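Before any comments, here is the structure.
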Amino acid sequence: MSRLDASELSHRLARNAEAVCHHYLSNGRREGRYWMVGDVRNTPGRSMFVRLAGPESGKGASGKWTDAATGEHGDLLDVIRESCGLVDFAVVAKEARAFLSLPQPEPPRDERRAIHPAPTGSPEAARRLFATSRPIHGTLVEAYLRRRGITSLHGTGSLRFHPHCYYRPDEHSATETWPAMIAAVTNLDGRLTGAHRTWLDPEGFDPLRLGKAPIDTPRRAMGDLLGHAVRFGVAGEVMAGGEGIETMLSLRMALPNMPMVAALSAAHLSAILFSDMLRRLYIARDDDPAGDGAMTTLIERASDDGIEAIVLSPRLGDFNEDLRMLGSDALRADLRAQLASRDVTRFMAEAA
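Residue numbering for the sequence shown follows the working numbering, beginning at 2 and increasing consecutively.
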């Protein structure tokens with residue numbers, strides 16, 4: 002895209018500055034001739050201001066913004082890039098054209114013949130997505146988890162809420178927005194390497210979909226995932242690992258003091274990296290063939306590293322199903338029988 006094309010897109014966005022801000026900076030609000038928000042990544046606050054009216058160029062131009070806290074400044078194309086966690090300018094321009102209902106440009110003839118791999122989310126895009134999301138307290142994420150039976154939400158700083166998270170069914174479909182639970186995937190040093198999105202139904206909790214949005218794939222991950230996980234609690238000598246976020250949060254209802262990780266899939270669970278201090282690993286098994294395969298691989302890997310591995314098995318399909326269908330008392334009793342005796346007092350004290 003030429004500089005002229007980019008300039009024209011920026012001018013068109015500036016003519017619709019307030020609509021752009023409503024859509025991409027939804028945590029802010031209009032105050033007089035400005036839109037006030039925390040930063041260009043849509044954090045709540047008041048340090049960044051966007052001019053909603055003014056000339057097309059020069060001093061005081063409409064659509065220009067400044068963050069008084071950091072000194073950052075730019076135009077509305079920058080807002081789209083940062084708030085959506087985009088990296089490639091061609092993707093930013095495509096998003097801007099879609100917002101403005103403009104036709105997408107035809108690719109050059111030689112590019113039409115080329116076969117390009119589908120773009121995938123990068124760790125940087127995951128970091129920006131998490132940064133533009135907000136804590137879950139008082140949000141749809143908190144309501145969703147509570148309807149899943151998860152009422153103890155301590156130590157869930159790895160989870161956030163995004164009110165308008167982008168969802169695209171496939172490369173030929175238009176982009177949609179749905180509210181979503183955003184989970185940070187981190188490495189052993191705590192560095193964010195990826196993110197997991199669970200799109201939620203804003204209309205309420207459907208018992209068949211369990212609160213997830215009515216879309217084909219309501220869960221997707223992005224970034225560098227292999228070996229890493231969504232983490233709850235501070236790592237120590239004992240840890241529990243499993244597949245799903247809801248599965249591990251259900252375990253924390255009964256074991257509030259135990260550090261846990263959610264690897265997001267059976268394949269990734271079998272590949273989680275162990276910290277040097279880990280001595281005993283509880284494997285929260287899902288009752289299906291993939292879960293059994295992950296359990297077997299993880300037991301072998303733990304044994305090779307001198308780590309004791311203990312399997313925790315649900316009565317039903319997974320521990321969230323146990324929590325919802327059997328109740329917290331039954332879940333606690335089942336886990337008590339499967340824990341090493343020395344861990345019962347240490348990790349179940351608050352749940353006794």
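Glycine included, each C-beta is placed from N, C-alpha and C at the ideal position.
Since this is a predicted model, take the numbers as computed values, not measurements.
- Residues of the same chain with a CB within less than 7 Å of the CB of Ser276, apart from the 5 flanking positions on each side, are Leu189 and Ala236 in chain order.
- DSSP links His163 through a beta bridge to Ala181.
- Arg192 is positioned such that its CB atom lies no closer than 8 Å to that of Asp202.
- Around the beta carbon of Asp289, fewer than 16 other beta carbons lie within 10 angstroms, which makes this residue exposed.
- CA-to-CA, the gap between Phe162 and Leu78 works out to about 24 Å.
- Here DSSP, grouped into helix, strand and coil, assigns Thr248 to helix.
- When the beta-carbon positions are compared, Ala18 and Ser63 come within less than 8 Å of each other.
- DSSP, read as helix, strand or coil, puts Glu73 in coil.
- The DSSP-derived three-state label of Leu270 is helix.
- Cα atoms of Ala230 and Arg148: separation of roughly 24 Å, rounded to the nearest angstrom.
- By the C-beta criterion, the stretch 280-295 is judged to be in contact with the stretch 239-252, since at least 3 inter-stretch pairs fall below 8 Å.
- The alpha helix (DSSP H) runs of length 4 or more contained entirely in the stretch 286-342 are, from start to end of the chain, 290-305, 320-327 and 329-339.
- Taking all protein chains in view, the Cβ of Pro56 is surrounded by fewer than 16 other Cβ atoms within 10 Å, so the residue is classified as exposed.
- Contact check between the stretch 33-49 and the stretch 130-144: three or more CB pairs, one atom from each, fall below 8 Å, which counts as touching.
- Closest by C-alpha distance to Gly59, out of Asp68, Met49 and Gly75, is Gly75.
- Membership of Phe50 in the beta strand (DSSP E) is indicated by the continuous run Met49 to Arg52.
- In terms of Cβ geometry, Ala175 and Gly195 do not form a close pair [threshold 8 Å].
- Closest option to Leu274, judged by alpha-carbon separation, among Asp305, Leu250, Ser84 and Leu252: Asp305.
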